[in-house]
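Under the numbering used here, the residues of the sequence shown are numbered 31 to 117, in order.
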Amino acid sequence: MKEKQITTTELRRTPGRLMDEARHTPLVITRFGRRSSVLLSYELYAALTAGRIVGRLDEADSRMVEAVLETEMDARHSHLDSLTSER
31 MKEKQITTTE
41 LRRTPGRLMD
51 EARHTPLVIT
61 RFGRRSSVLL
71 SYELYAALTA
81 GRIVGRLDEA
91 DSRMVEAVLE
101 TEMDARHSHL
111 DSLTSER
């Protein structure tokens with residue numbers, strides 16, 4: 031799952047369309063050219079936080095876990111990819 035970048039101006043102009051789009055792809059919101067926030071589906075948010083709340087990601091929806099594991103980092107942070115590799 032690849033992320034898409036949008037600006038705060040785009041978010042103000044078309045919030046409904048972007049909320050629909052965020053159901054399928056996380057949207058990185060930039061402000062003044064810098065990454066500021068992420069708009070993502072509730073399902074993905076729930077999958078990301080389930081591990082912290084219950085301590086076990088295997089209790090989260092398996093499709094969401096797979097989506098999180100397939101998400102790619104920006105190339106500038108590729109050195110962090112090894113943190114999500116199978117051990």
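Every residue, glycine too, gets a C-beta built ideally from N, C-alpha and C. Computed from a predicted model, the values in this text were never measured in an experiment.
For T55, which residues in the same chain have their Cβ closer than 6 Å to its Cβ, ignoring the five residues on either side in sequence? Numbered from its first residue, the sequence shown carries residue 55 at position 25. Same-chain partners within the cutoff: K34.
If we ignore side chains and look at the alpha-carbon of each, how far apart do S112 and V98 end up?
Residue 112 sits at position 82 when you count from the first residue of the sequence shown. Residue 98 sits at position 68 when you count from the first residue of the sequence shown. Cα-Cα distance, rounded: 14 Å.
ask   = Between which two residues does the alpha helix (DSSP H) containing T38 stretch?
value = Position 8 of the sequence shown holds residue 38. 38-43 is the extent of the alpha helix (DSSP H) around T38.
Q) For S66, does the three-state DSSP call read helix, strand or coil? A) Taking the first residue of the sequence shown as 1, we reach residue 66 at position 36. The three-state secondary structure of S66, taken from DSSP, is strand.
Do L70 and I36 come within 9 Å of each other at the CB atom, strictly closer than that value?
The residue given as residue 36 occupies position 6 in the sequence shown. The residue given as residue 70 occupies position 40 in the sequence shown. Going by C-beta atoms, I36 is not nearer than 9 Å to L70.
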